[in-house]
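Novice: Residue numbering for the sequence shown follows UniProt numbering, starting at 1 and increasing by one per position.
Here a beta-carbon is modelled for each residue, glycine too, at the ideal position from N, C-alpha and C.
Since this is a predicted model, take the numbers as computed values, not measurements.
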Amino acid sequence: MSVKTSRIIKICLAIIVIAVPLVLFSSGFFTTSAEKVLPGVEIMGTDLGGLNRQEGIAKLADLEQTIRATRVVLNYQGRSWPLLLNEVGFDLNLDSIMTEALNAGRQGSLIQRWQDRKQIGKTGRPLQLIFQFDEEKLAARVSELTREITVEPVEASFKIDASDRVTVVPGKDGTSVDLEALKKDIASVLLEGAKPEVELTLVTTAPLRTTAALEAMGVNGLLGAYTTYFNAGMVSRSYNISVAAKALDDLLVLPGQVVSFNDIVGPRSSEAGYKIAPVIVNNELVDGIGGGVCQVSTTLYNSVLLANLEIVERSNHSLPVSYVPIGRDATVVDNSLDLKFRNDTNNYLYIKSYVGGGSITFKIFGDTTYKKDVRINSWVTEEIGCQVVYETDPNLPKGEQVVKQEGASGFKAYAERIVSVNGVQEKREVLPYSDYSPKNKVIAVGTMEPSAKVAPSKPTTQGGQKTNGQPTGGVTTGGGTPAAGSGAGTANLTVQGGNPSLGDNIPVNNSPVRVPG
Numbered sequence: 001m002s003v004k005t006s007r008i009i010k011i012c013l014a015i016i017v018i019a020v021p022l023v024l025f026s027s028g029f030f031t032t033s034a035e036k037v038l039p040g041v042e043i044m045g046t047d048l049g050g051l052n053r054q055e056g057i058a059k060l061a062d063l064e065q066t067i068r069a070t071r072v073v074l075n076y077q078g079r080s081w082p083l084l085l086n087e088v089g090f091d092l093n094l095d096s097i098m099t100e101a102l103n104a105g106r107q108g109s110l111i112q113r114w115q116d117r118k119q120i121g122k123t124g125r126p127l128q129l130i131f132q133f134d135e136e137k138l139a140a141r142v143s144e145l146t147r148e149i150t151v152e153p154v155e156a157s158f159k160i161d162a163s164d165r166v167t168v169v170p171g172k173d174g175t176s177v178d179l180e181a182l183k184k185d186i187a188s189v190l191l192e193g194a195k196p197e198v199e200l201t202l203v204t205t206a207p208l209r210t211t212a213a214l215e216a217m218g219v220n221g222l223l224g225a226y227t228t229y230f231n232a233g234m235v236s237r238s239y240n241i242s243v244a245a246k247a248l249d250d251l252l253v254l255p256g257q258v259v260s261f262n263d264i265v266g267p268r269s270s271e272a273g274y275k276i277a278p279v280i281v282n283n284e285l286v287d288g289i290g291g292g293v294c295q296v297s298t299t300l301y302n303s304v305l306l307a308n309l310e311i312v313e314r315s316n317h318s319l320p321v322s323y324v325p326i327g328r329d330a331t332v333v334d335n336s337l338d339l340k341f342r343n344d345t346n347n348y349l350y351i352k353s354y355v356g357g358g359s360i361t362f363k364i365f366g367d368t369t370y371k372k373d374v375r376i377n378s379w380v381t382e383e384i385g386c387q388v389v390y391e392t393d394p395n396l397p398k399g400e401q402v403v404k405q406e407g408a409s410g411f412k413a414y415a416e417r418i419v420s421v422n423g424v425q426e427k428r429e430v431l432p433y434s435d436y437s438p439k440n441k442v443i444a445v446g447t448m449e450p451s452a453k454v455a456p457s458k459p460t461t462q463g464g465q466k467t468n469g470q471p472t473g474g475v476t477t478g479g480g481t482p483a484a485g486s487g488a489g490t491a492n493l494t495v496q497g498g499n500p501s502l503g504d505n506i507p508v509n510n511s512p513v514r515v516p517g
């Protein structure tokens, strides 16, 4: 071979080496994606070739609507049920499918891409369905359709006998439709374009709470219990007590967990089923939604104390309550005052509530190795006398007094928890302090002026003395009482420890007196 010929061959090879990569690069061989799908790429007969991402997604959206309208027949041993895919939240993952379409023939090594493109050009490239269901809707609908062939699992549970002994009632396995297999089978019949029918597969379903799980919780006996009583004749209040207590019934508490009464019971509202009943607000008993719930929190608080559990948060009412000793109540208010306690044992706690016959009881069960002898003491350290508040009342005859509200003393109280084991004191603990506000005695004092009688033409005797039409003592009104002093027309209100004399001029103040509770 001549030198000249050899040189020509080398030049040609160099051109080929440079040109081939340029051609391949321009055709997308060196990129993992391109603006348009290669011809021959399709899904369920829908051709995506030549489309960019936006165009492809629009076309796939039409396919999605068609699939959603499909009724897939579920078959099992001669029984059949129609499942409309639109009812169970069927959605195509449009973006993911388009990414697969655009990447077809553009991934792998140079040789792999070349071969892949040749194959797509010859036989096409059907894509797999990428989709999802609304899992909750699918499970609920399939369960509803197939309930005659499925069995719900039975959760393991605790059984408490009359002597407060705890046993575990074993759970039972159930039978349900294999939803994962069902989703794959639905995808297969859709892709194949076959008749939309699938054979169901049943699987064994274990209960969420198994026998072994409950036995491992270490709940074997009673740690503490407390009962309070209420007037069952107060129907709305009794109902509220039942609603709140039910929210706490069968409650399992993890080791170390802090229990919030407000979090467990939830807002006290009419939407939550609560009714109007008396509640303490600003040191007064008034009607409000959820009256009676504080008796539930108070009863729980005392059972927690007797179970020797850690108190995290507790507040007293603004007034003492009648259903527990002073210093042992626990008030709760939505988004404000809460009752919180911690399970400071190394095992689970199980809480039961019982309401009926005018009483509410909480029982706290757990590992009896933590059971101690617990005694709660509470006492008043200071009594705060109430004030007498006088309010003017223009509808009462001047000087007349009517008690509108009886007063009550306030108190400062302490409580303690004494924990013993086999008669030996282990711990003496000061419990949260209680401060109850006094309740003012409110007396209305009349300011209404009497209408004077017209004096006769001749002197008359009035108030035991003769007059010439001018009274010298009190002016007698129809059915009224003598008005004294020179304070006629003065609005009267005062606060003091005793009663005002009828001759006092009392400063004007028409605002009601309220003590924060």
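Looking at V380 and the ligand COA, is the gap between the Cβ and the nearest heavy atom below 7 angstroms?
Specialist: By its list of ligands, the structure shown contains no ligand whatsoever, and the ligand COA lies outside what it can speak to.
Novice: Closest by CA to Q54, which one among S269, E35, E391 and R68?
Specialist: Here the question's residue 54 lines up with position 54 in the sequence shown. The option with the nearest alpha carbon to Q54 is E35.
Novice: Report the three-state DSSP secondary structure of V235 (helix, strand or coil).
Specialist: Taking the first residue of the sequence shown as 1, we reach residue 235 at position 235. Three-state DSSP puts V235 in a helix.
Novice: As an exercise, report each continuous alpha helix (DSSP H) stretch of at least 4 residues that is fully enclosed by the region 364-408, in chain order.
Specialist: None, since the region 364-408 contains no complete alpha helix (DSSP H) of that length.
Novice: Between the region 327-341 and the region 262-270, are three or more C-beta pairs nearer than 8 angstroms?
Specialist: Yes: the two stretches touch, three or more of their Cβ pairs being nearer than 8 angstroms.
Novice: Confirm, please, whether the CB-CB distance from I326 to P320 is below 8 angstroms.
Specialist: One-based indexing of the sequence shown puts residue 320 at position 320. One-based indexing of the sequence shown puts residue 326 at position 326. It is a contact, given that the beta carbons lie within the stated cut-off.
Novice: Within a Cβ cutoff of 7 angstroms, which residues of the same chain sit near V243, ignoring the five residues on either side of it in sequence?
Specialist: Position 243 of the sequence shown holds residue 243. Excluding positions up to five away in sequence, the list reads G273 and Y274.
Novice: For a quick check, are the C-beta atoms of S322 and G224 less than 8 angstroms apart?
Specialist: As a working mapping, residue 322 is identified with position 322 in the sequence shown. As a working mapping, residue 224 is identified with position 224 in the sequence shown. For S322 and G224, no; Cβs fall outside 8 angstroms.
Novice: Does E383 pass the burial test, meaning 16 or more other C-beta atoms within 10 Å, or should it be called exposed?
Specialist: As a first step, residue 383 must be located in the sequence shown, where it is residue number 383. Exposed, because fewer than 16 other Cβ atoms sit within 10 Å of the Cβ of E383.
Novice: By the 10 Å Cβ neighbour count, where 16 or more other Cβ atoms means buried, how is L138 classified, buried or exposed?
Specialist: Here the question's residue 138 lines up with position 138 in the sequence shown. L138 is buried by the Cβ-count criterion.
Novice: Counting Cβ pairs, one atom from each stretch, are 3 or more of them under 8 angstroms apart for the region 363-371 and the region 235-250?
Specialist: No, the region 363-371 does not touch the region 235-250.
Novice: Check this for me: beta carbons of A232 and G358, under 8 angstroms apart or not?
Specialist: Within the sequence shown, residue 232 is the residue found at index 232, counting from 1. Within the sequence shown, residue 358 is the residue found at index 358, counting from 1. Contact flag set, yes.
Novice: Just how far apart, CA to CA, sit L349 and L309?
Specialist: Residue numbering aside, residue 349 sits at position 349 when the sequence shown is read from its first letter. Residue numbering aside, residue 309 sits at position 309 when the sequence shown is read from its first letter. Cα to Cα, L349 sits roughly 10 angstroms from L309.
Novice: Would you kindly work out how many angstroms separate the C-alpha atoms of N262 and G174, rounded to a whole number?
Specialist: As a first step, residue 262 is located in the sequence shown; it is residue number 262 there, counting from the start. As a first step, residue 174 is located in the sequence shown; it is residue number 174 there, counting from the start. When rounded, the distance between both Cα atoms is 35 angstroms.
Novice: With H, G and I counted as helix, E and B as strand and the rest as coil, what does DSSP make of M98?
Specialist: As a working mapping, residue 98 is identified with position 98 in the sequence shown. The answer is helix: DSSP assigns M98 an H, G or I state.
Novice: Using 8 angstroms for Cβ pairs, my map puts N347 next to S434. What's the rounded Cβ distance?
Specialist: The residue labelled residue 347 in the question sits at position 347 within the sequence shown. The residue labelled residue 434 in the question sits at position 434 within the sequence shown. Contact flag wrong, Cβ pair sits at about 32 angstroms.
Novice: Can you find the residues in the same chain that come closer than 7 angstroms, C-beta to C-beta, to N492, ignoring five residues on each side of it along the sequence?
Specialist: Looking up residue 492 in the sequence shown gives position 492. Because N492 carries a pLDDT of 36, less than 50, the predicted location of this residue cannot be relied on, and the following value inherits that uncertainty. So the qualifying residues of the chain are Y390, T392, V445, T447 and I506.
Novice: Roughly how many whole angstroms lie between the Cα atoms of V168 and V324?
Specialist: Residue 168 sits at position 168 when you count from the first residue of the sequence shown. Residue 324 sits at position 324 when you count from the first residue of the sequence shown. C-alpha separation (whole angstroms): 34 angstroms.
Novice: How would you call I360, buried or exposed, if buried means at least 16 neighbouring beta carbons within 10 angstroms?
Specialist: Working through the sequence shown from its first residue, we reach residue 360 at position 360. Buried, by the Cβ-count rule.
Novice: Anyone know if the C-beta pair for I120 and G105 falls short of 8 angstroms?
Specialist: In the sequence shown, counting from the first residue as 1, residue 120 sits at position 120. In the sequence shown, counting from the first residue as 1, residue 105 sits at position 105. A contact, by the Cβ cut-off of 8 angstroms.
Novice: Could you give the residue range of the alpha helix (DSSP H) that holds T293?
Specialist: Taking the first residue of the sequence shown as position 1, residue 293 is located at position 293. Position check: residue 293 holds Val in this sequence, whereas Thr was assumed. Where V293 is concerned, the enclosing alpha helix (DSSP H) stretches over V293 to L306.
Novice: Look at the Cβ atom of P397, then the Cβ atom of P450, and state whether they are nearer than 8 angstroms.
Specialist: For the purposes of this step, residue 397 is taken as the residue at position 397 of the sequence shown. For the purposes of this step, residue 450 is taken as the residue at position 450 of the sequence shown. Yes, these two residues count as a Cβ contact at 8 angstroms.
Novice: Reducing DSSP to helix, strand and coil, say where G56 ends up.
Specialist: Residue 56 sits at position 56 when you count from the first residue of the sequence shown. Residue state, collapsed to three classes: helix.
Novice: Please state if the CB of F131 and the CB of N93 are separated by a distance shorter than 8 angstroms.
Specialist: The residue you call residue 93 lines up with position 93 of the sequence shown. The residue you call residue 131 lines up with position 131 of the sequence shown. A contact, by the Cβ cut-off of 8 angstroms.
Novice: Less than 6 angstroms between C-beta atoms, sequence neighbours within five positions excluded: which residues of the same chain meet that for P196?
Specialist: Here the question's residue 196 lines up with position 196 in the sequence shown. Counting only Cβ-Cβ distances below 6 angstroms, and skipping sequence neighbours, we find T70, V72 and V189.
Novice: What's the gap between the Cα of V421 and the Cα of K439?
Specialist: Translated into the one-based positions of the sequence shown, residue 421 becomes position 421. Translated into the one-based positions of the sequence shown, residue 439 becomes position 439. Those two C-alpha atoms are separated by around 42 angstroms.
Novice: What residue range does the beta strand (DSSP E) around V73 cover?
Specialist: In the sequence shown, the residue the question calls residue 73 occupies position 73. Taken as a continuous stretch (DSSP letters only), the beta strand (DSSP E) holding V73 covers R71 to Y76.
Novice: Identify, in the order they occur along the chain, each residue of the same chain with its Cβ nearer than 7 angstroms to the Cβ of V166, setting aside the five sequence neighbours on each side.
Specialist: Here residue 166 refers to the residue found at position 166 when the sequence shown is read from its first residue. Closer than 7 angstroms at the Cβ level, and outside the excluded window around V166, lie F158, I160, V219, N220, G221 and F365.
Novice: Report yes if the C-beta distance between I376 and A413 is below 8 angstroms; otherwise report no.
Specialist: To locate residue 376, count along the sequence shown from 1; it is residue 376. To locate residue 413, count along the sequence shown from 1; it is residue 413. No, the pair does not count as a contact, with Cβ atoms beyond the cut-off.
Novice: Need the endpoints of the beta strand (DSSP E) that R79 sits in, please.
Specialist: Here residue 79 corresponds to residue number 79 of the sequence shown, with the count starting at 1. R79 to L84 is the span of the beta strand (DSSP E), which, as asked, contains R79.
Novice: How would you label R147, buried or exposed, when you count the other beta carbons within 10 angstroms and need 16 or more for buried?
Specialist: The sequence position of residue 147 within the sequence shown is 147, counting from 1. Classification of R147: exposed, given that the 10 Å Cβ count is below 16.
Novice: Report buried or exposed for L306, applying the criterion of at least 16 other Cβ atoms within 10 angstroms of its Cβ.
Specialist: Within the sequence shown, the letter at position 306 stands for residue 306. Buried, since its Cβ has 16 or more Cβ neighbours within 10 Å.
Novice: I need the DSSP call for E144, collapsed to helix, strand or coil.
Specialist: On the sequence shown, residue 144 is found 144 positions in, with the first residue counted as 1. Here E144 sits in helix by DSSP.
Novice: Taking C-beta to C-beta, are S297 and A330 nearer than 8 angstroms?
Specialist: Mapped onto the sequence shown, residue 297 falls at position 297. Mapped onto the sequence shown, residue 330 falls at position 330. Yes, the pair counts as a contact, with Cβ atoms nearer than the cut-off.
Novice: Who does R417 pair with in a DSSP beta bridge?
Specialist: Taking the sequence shown and counting its residues from 1, the one referred to as residue 417 is at position 417. Answer is I376 and E429.
Novice: Where does F131 sit, in a helix, a strand or coil, going by DSSP?
Specialist: Taking the first residue of the sequence shown as 1, we reach residue 131 at position 131. Strand at F131.
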